[in-house]
Ligand code: SAM
Ligand code: SF4
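Numbering (this note's numbering), first residue to last: 1397 to 1714.
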């Protein structure tokens, strides 16, 4: 579908749960997300109805996210069924990697080809602190598992934080030299619940280029991708910079977001959202409603000068 600003909308991120087995300080409150009544969270069949409507409207790329998608009961079924929908060209998952050692093989067998794994530090104590209790060795094992199983693409997402992990920029970028993976640095975004933490820790992603002047720009195969890519000469992988605050990417934004409770967001940083649940019984009506929302997708967002997002990332899915 083409929106009113001429952008081709072909990418949907679907949060399959808002629960998580970690509590990253920039993402979730310490007590986590209150376990929503089962009736509020979309059932697997309901997610499939939405995914089908989206693909019939021209969405050909879906990312399953959360909360932590791998903790969702029925997740493998979702991967299998969405992956085999007509029109789906690309199905990916964003995960904290904790359960990849156990589930990696099953995800591959279910047809998953691409996986993004979030890791902000290699240091055991820092990791435990930022995730409020996580064990970094599990994620490192998860990354090894993903690489050894031979997923088509493995990306590491690093949220950049001044005074927390800026001393590890080189260690992260070095991973791309010998391994066929992309490391992407994401600028920290302020959300209503967590903005006190984000304040004062913002570091522009270009800091990576200052620390690693050998990095040279490379053209991305996907012009709507939010990351700008760089590479060390002769490296197997790439380094990506995602700069929602320094350089918005609204003009090429091709994405929609579906929350775990069935709301459609056409922009990460705008407060408007549409509850899709009343339309799940009638796919044609559902498609009309989604179409109407796409027509209303804003041309740009007001991150930085507008009101902060009410929902945390853990509820939107990143
Ligand atoms: N649990 C999964 C994970 O951590 O990868 C998927 C959901 S998580 C919300 C998706 C992505 O959003 C992660 O890469 C995470 O680091 C990022 N994220 C969460 N809160 C953020 C914030 N305030 N600013 C920037 N990125 C954030
Ligand atoms: Fe959980 Fe991912 Fe949010 Fe961390 S970033 S609390 S792993 S949803």
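Ideal Cβ placement from N, Cα and C applies to all residues, glycine included.
For residue 1608, same chain residues with a beta-carbon under 6 angstroms away, outside a window of 5 residues either side, are 1569 in chain order. Taking residue 1411 as the centre and dropping the five residues before and after it, the same chain places the C-beta of 1461, 1462, 1655, 1656 and 1713 closer than 6 angstroms to its C-beta, in chain order. As computed with DSSP, residue 1662 is found in no beta bridge at all. Residue 1422 sits in coil when the DSSP states are folded into three classes, being neither helix nor strand. The beta-bridge partner set that DSSP reports for residue 1583 consists of 1556.
Proximity of the beta carbon of residue 1463 to the ligand SF4 is indicated: a heavy atom of the ligand is located closer than 6 angstroms. Measuring C-alpha to C-alpha distances from residue 1475 to each of 1632, 1497 and 1502 identifies 1502 as the nearest. Following the DSSP letters along the chain, one finds residue 1497 in no beta strand (DSSP E) but inside the alpha helix (DSSP H) bounded by residues 1496 to 1505. Ranked by Cα distance from residue 1675, the options 1408, 1445 and 1495 are led by 1445. For residue 1512, the beta-bridge partners assigned by DSSP are 1490 and 1551.
Our two residues, residue 1518 and residue 1543, have alpha carbons roughly 17 angstroms apart in a direct line.
Contact between the segment 1406 to 1424 and the segment 1629 to 1645 is absent: fewer than 3 CB-CB pairs across the two stretches fall below 8 angstroms. Counting every other CB atom within 10 Å of its CB across the protein chains shown gives residue 1557 a total of 16 or more, marking it as buried.
Here residue 1514 is buried: its Cβ has 16 or more other Cβ atoms, across all protein chains shown, within 10 Å.
It is roughly 34 angstroms from the alpha-carbon of residue 1663 to the alpha-carbon of residue 1498.
When Cβ pairs closer than 8 angstroms are counted between the two stretches, the segment 1568 to 1585 is seen not to touch the segment 1522 to 1529, the count staying below three.
Counted as a single uninterrupted DSSP element, the stretch harbouring residue 1631 is not any beta strand (DSSP E), since DSSP gives it neither H nor E. In the assembly as shown, residue 1559 is an exposed residue. Its beta-carbon has fewer than 16 other beta-carbons within 10 Å. Residue 1612 sits exposed, since fewer than 16 C-beta atoms from the chains shown fall within 10 Å of its C-beta. When the five nearest sequence neighbours on each side are left out, the beta carbons in the same chain lying within less than 7 angstroms of the beta carbon of residue 1471 are those of 1412 and 1465, in order along the chain. Between residue 1456 and residue 1406, the gap from beta carbon to beta carbon is short of 7 angstroms. In this structure, DSSP gives residue 1623 an extended state, which the three-state scheme calls strand. DSSP places residue 1523 inside the alpha helix (DSSP H), whose first and last residues are 1520 to 1526.
Listed in chain order, the alpha helix (DSSP H) runs fully inside the segment 1426 to 1465 are 1440 to 1452, counting runs of at least 4 residues.
Nearest Cα to residue 1505 within the set 1626, 1524, 1547 and 1594: 1547. The beta carbon of residue 1443 lies closer than 7 angstroms to those of 1410, 1412 and 1474 in the same chain, with the five residues before and after it left out.
The beta carbon of residue 1449 is closer than 8 angstroms to those of 1679, 1682, 1683 and 1686 in its chain, skipping five residues each way along the sequence.
Excluding sequence positions up to five before and after residue 1524, its CB lies within less than 8 angstroms of the CB of 1530, 1531 and 1532, all in the same chain and listed in chain order.
In the DSSP assignment, residue 1653 falls within the beta strand (DSSP E) that extends over 1651 to 1654. Counting C-beta atoms within 10 angstroms of its own C-beta, residue 1615 has fewer than 16 neighbours from the protein chains shown and is therefore classed as exposed. Sequence-distant partners of residue 1576 (beyond 5 residues in either direction) whose C-beta falls short of 8 angstroms from its own C-beta, in its chain, are 1543, 1550, 1632 and 1633. Per DSSP, reduced to three states, the secondary structure at residue 1637 is strand.
Ranked by Cα distance from residue 1458, the options 1599, 1428, 1670 and 1508 are led by 1508.
For residue 1404, there is no enclosing alpha helix (DSSP H), as DSSP gives it neither H nor E.
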